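Report on one structure; see the data block that follows.
Numbering (our numbering), first residue to last: 56 to 348.
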């Protein structure tokens with residue numbers, strides 16, 4: 056029970072940090088290009104977590120190269136680049152919701168590659184969450200011209216792939232969670248640097264606004280956020296962890312409404328209510344059952 060309560064406490068912390076990160080990224084984009092933002096955000100995250108590892112005397116021994124590289128390429132580089140690009144023209148709330156199609160991709164991939172199974176109550180939470188997400192996304196209104204939405208959905212698929220890579224890596228190798236988080240961010244930085252250099256975006260407009268945003272997005276959202284995420288993937292099934300994170304877009308929509316005037320429609324409000332109900336059911340199941348997978 057204490058372990059489950061600890062996992063739920065970490066999940067709540069993740070909700071709070073990641074839900075506001077979408078708005079912070081949107082606020083930073085007038086001062087920096089999306090790919091430069093992804094690169095600097097990751098650089099600040101690597102430096103922050105590296106400093107923490109050194110300060111706590113943890114080993115920086117590299118984790119297995121290829122699985123760690125692919126983890127960084129998907130979880131850090133792919134997800135961050137796609138979501139930042141989507142935020143250029145898309146609203147923070149809507150983009151966050153679309154990126155959080157991740158849990159549904161994760162469930163499919165976990166069933167295929169990890170043979171993870173969910174109980175009836177968990178499938179009920181999936182159905183509720185899916186209905187809520189559809190109400191918010193309104194896929195019948197998606198058009199090919201609306202690039203931001205498709206970029207955000209692609210980010211969700213890439214993130215789901217990273218969750219499967221992380222679970223597979225930890226099944227075959229004994230790795231320190233902090234070291235794995237550091238090295239996947241380290242290797243994910245280099246593709247982002249290459250993309251930023253290739254895109255040739257205008258130089259960042261340095262000031263306190265951009266500095267504050269990078270401090271939030273780097274050490275807090277990237278370093279601490281991905282560390283918590285990796286811990287949760289080790290304690291819970293990939294599918295359950297992904298579903299538990301679904302509260303983030305619901306909070307992000309509310310924050311975006313307050314900060315940017317992105318007022319949710321009636322359908323989006325109903326969708327958030329369904330997601331909240333789904334999460335309540337999932338949390339109850341998580342408290343009562345050991346991890347799956």
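Even for Gly, the Cβ is constructed at its ideal location relative to N, Cα and C.
Model, not experiment: these values are computed from the prediction.
Backbone CA spacing between residue i and residue j [nearest angstrom]
{"i": "residue 200", "j": "residue 213", "result": "Summary for residue 200: the model assigns pLDDT 48, below 50, so the residue's position carries little reliability, and this model does not support an answer."}
{"i": "residue 110", "j": "residue 320", "result": "47 Å"}
{"i": "residue 230", "j": "residue 210", "result": "26 Å"}
{"i": "residue 117", "j": "residue 225", "result": "14 Å"}
{"i": "residue 244", "j": "residue 94", "result": "6 Å"}
{"i": "residue 119", "j": "residue 169", "result": "20 Å"}
{"i": "residue 276", "j": "residue 71", "result": "10 Å"}
{"i": "residue 103", "j": "residue 239", "result": "14 Å"}
{"i": "residue 87", "j": "residue 206", "result": "19 Å"}
{"i": "residue 113", "j": "residue 286", "result": "16 Å"}
{"i": "residue 174", "j": "residue 282", "result": "28 Å"}
{"i": "residue 315", "j": "residue 172", "result": "40 Å"}
{"i": "residue 306", "j": "residue 300", "result": "11 Å"}
{"i": "residue 222", "j": "residue 236", "result": "13 Å"}
{"i": "residue 327", "j": "residue 208", "result": "18 Å"}
Buried versus exposed, by CB contacts within 10 Å (16 or more), residue i
{"i": "residue 89", "result": "buried"}
{"i": "residue 125", "result": "buried"}
{"i": "residue 194", "result": "exposed"}
{"i": "residue 96", "result": "buried"}
{"i": "residue 308", "result": "buried"}
{"i": "residue 187", "result": "buried"}
{"i": "residue 395", "result": "Missing from the structure shown is residue 395; the chain here goes from 56 to 348 and no further."}
{"i": "residue 302", "result": "buried"}
{"i": "residue 253", "result": "exposed"}
{"i": "residue 167", "result": "exposed"}
Short Cβ contact (8 Å threshold) for residue i with residue j
{"i": "residue 132", "j": "residue 246", "result": "yes"}
{"i": "residue 269", "j": "residue 159", "result": "no"}
{"i": "residue 162", "j": "residue 192", "result": "no"}
{"i": "residue 368", "j": "residue 129", "result": "No information on residue 368 is available, as it lies outside the stretch 56 to 348 that the chain covers here."}
{"i": "residue 80", "j": "residue 69", "result": "no"}
{"i": "residue 304", "j": "residue 75", "result": "no"}
{"i": "residue 123", "j": "residue 242", "result": "yes"}
{"i": "residue 336", "j": "residue 183", "result": "yes"}
{"i": "residue 152", "j": "residue 141", "result": "no"}
{"i": "residue 311", "j": "residue 148", "result": "yes"}
{"i": "residue 317", "j": "residue 146", "result": "yes"}
{"i": "residue 106", "j": "residue 265", "result": "no"}
{"i": "residue 233", "j": "residue 334", "result": "no"}
Three-state secondary structure (DSSP) of residue i
{"i": "residue 146", "result": "coil"}
{"i": "residue 175", "result": "helix"}
{"i": "residue 286", "result": "helix"}
{"i": "residue 193", "result": "coil"}
{"i": "residue 116", "result": "coil"}
{"i": "residue 316", "result": "coil"}
{"i": "residue 303", "result": "helix"}
{"i": "residue 334", "result": "helix"}
{"i": "residue 223", "result": "helix"}
{"i": "residue 200", "result": "Confidence is the limiting factor: at residue 200 the pLDDT is only 48, short of 50, which leaves the residue's position unreliable, though a coordinate-based value still follows. Residue state, collapsed to three classes: coil."}
{"i": "residue 167", "result": "helix"}
{"i": "residue 230", "result": "coil"}
{"i": "residue 206", "result": "helix"}
{"i": "residue 156", "result": "coil"}
* Please go through the stretch 247–283 and give each complete beta strand (DSSP E) segment of 3 or more residues, from N-terminal end onward. => none
* Can you list the alpha helix (DSSP H) stretches of 4 or more residues lying completely in the stretch 63–110, in chain order? -> 89–110
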